[in-house]
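Q: Questions regarding the structure given below will be posed in turn.
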């Protein structure tokens, strides 16, 4: 079974702090993704990566950056956290770039105060 | 602009009955469709998928129907069980797309 592990289940940060969300997958998947989930909005893509050091912006990249130095690890960075970034953050990976389901981690609930 | 829409935020169904969840999409380039199930405090788990060359896919109690002309798909759960109580997300992607576009989700409650 694919395992996608997010390092923190819950995080509380202050406005203006730099925040790192870490994600590791153990199935040698090429593609990794960061989504955020908000009530009534579903899951929205922030960034994705199809190879080491490669990244593409998703639908809502503003205020975020990512890092993929190793195939198994994909980090989401909030350069200066703001209250509107309070959300559930979900990391996912997939084997192929199309016709391949995403496998999600359990999420990180981030609260910015 | 959401390209995948789930217009029913919630659904309540009695145990043993059929649950029908609906999903509409606007992008005619979408050719791969999935349903995910999500329990509170967990990540979404993949449930079932269908490609545009089919109009039906079945896996145990779960069946997905695709109507390409109407840009509509539905998920049928028969019979519904208490463990099916969760949020269900519809998702879609196109052949030149890495990413999945998700609907807002439908919360299903199965009553005993």
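Residue numbers (the numbering used here), protein chains in the order written: chain H, 1 to 113; chain W, 1 to 112. Here a beta-carbon is modelled for each residue, glycine too, at the ideal position from N, C-alpha and C.
Got a sec, what are the start and stop residues for the beta strand (DSSP E) residue 76 of chain W sits in?
A: Run containing residue 76 of chain W: 72 to 77, per the beta strand (DSSP E) assignment.
Q: Which residues mark the beginning and the end of the beta strand (DSSP E) in which residue 89 of chain H is found?
A: Note, residue 89 of chain H: beta strand (DSSP E), 87 to 94.
Q: Would residue 57 of chain H and residue 47 of chain H qualify as a contact pair, given that the criterion is a beta-carbon distance under 8 Å?
A: Yes, Cβ-Cβ distance for residue 57 of chain H and residue 47 of chain H is below 8 Å.
Q: Are any of the Cβ atoms in chain H nearer than 8 Å to that of residue 44 of chain W?
A: Taking Cβ atoms only, chain H reaches closer than 8 Å to residue 44 of chain W, which makes this a yes.
Q: State the DSSP-derived secondary structure class of residue 24 of chain W, mapped to helix, strand or coil.
A: Three-state result, residue 24 of chain W: strand.
Q: Find the nearest neighbour of residue 53 of chain W within the set W/43, W/32, W/47, W/26, judged by alpha-carbon distance.
A: It is W/32.
Q: Taking a contact to mean a Cβ-Cβ separation below 8 Å, would you say residue 92 of chain W touches residue 25 of chain W in this structure?
A: Yes, the Cβ-Cβ distance between residue 92 of chain W and residue 25 of chain W is below 8 Å.
Q: Quick one: list the residues of chain W neighbouring residue 104 of chain H, beta-carbon separation under 9 Å, in chain order.
A: Near residue 104 of chain H (Cβ distances below 9 Å), the residues of chain W are 36, 38, 42, 43, 44, 45, 46.
Q: For the segment 62 to 77 of chain H, which residues have a beta carbon sitting closer than 9 Å to at least one beta carbon of chain W?
A: Result list empty, no residue passes.
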